[in-house]
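As structure tokens, the structure follows; a few thoughts come after it.
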Amino acid sequence: MKTKSPYIYEGTGSAIDDYQKPKEQLINILQGGRCHNKSNYGLFDYKNPQHKRIMANLRTANIVVKSERWGEVADMTGWFDRFLKSDKSPIKKPLKEMTEKEVSKIIVALDGVVIWKNSI
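Numbering of the sequence shown is given in the working numbering, commencing with residue 1 and proceeding in unit increments.
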């Protein structure tokens, strides 16, 4: 068995900061997005099938943002957040605080958006 020879850290910034970066990214993913802001109504639970349906509707309507890792993802923290806060939303509440019935109303509204966007 060969032993590896030691090497010198040549990255930018602190080696400790670079070591902690993946941990911070994992925490962001588990909390439902890159944004920790509680005022963002578009934060979602990736285990909830209704939330997955919302994401699918946004992708079908081509309401997406670029992602380095995934290519394109549904714009949950941008367009969807603004939609939930607008007068056009049937429920003006953060997604994670909605009941199943309230989320169903949002899904019906987004079905209409999908039809409208695809008819243009």
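Even for Gly, the Cβ is constructed at its ideal location relative to N, Cα and C.
Subject >> Cβ neighbour criterion (16 or more within 10 Å) applied to residue 45 >> reply: exposed
Original post:
Anyone know if the C-beta pair for residue 77 and residue 114 falls short of 8 Å?
Top reply: no
Original post:
Which same chain residues, not among the five before or five after residue 39, have their C-beta less than 7 Å away from its C-beta?
Top reply: none
Original post:
Going by alpha carbons, who is nearest to residue 80 out of 104, 95 and 48?
Top reply: 95
Subject >> Rounded Cβ spacing between residue 98 and residue 74 (contact assumed at less than 8 Å) >> reply: Incorrect: roughly 17 Å between the Cβ atoms, too far for contact.
**OP:** Indicate whether residue 41 and residue 84 have their beta-carbon atoms separated by less than 8 Å.
**Re:** yes
Subject >> 4 or more residues per run - each alpha helix (DSSP H) lying fully within the region 33-112 >> reply: 49-60 and 79-85
Subject >> Anticipated Cβ contact below 8 Å, residue 120 with residue 106, distance rounded >> reply: With 8 Å as the limit, residue 120 and residue 106 do not qualify as a contact, their Cβ atoms being about 22 Å apart.
Original post:
Quick one, which of 102, 87 and 5 has its alpha-carbon nearest residue 50's?
Top reply: 102
Original post:
With 16 other CB atoms within 10 Å as the buried threshold, where does residue 57 fall?
Top reply: buried
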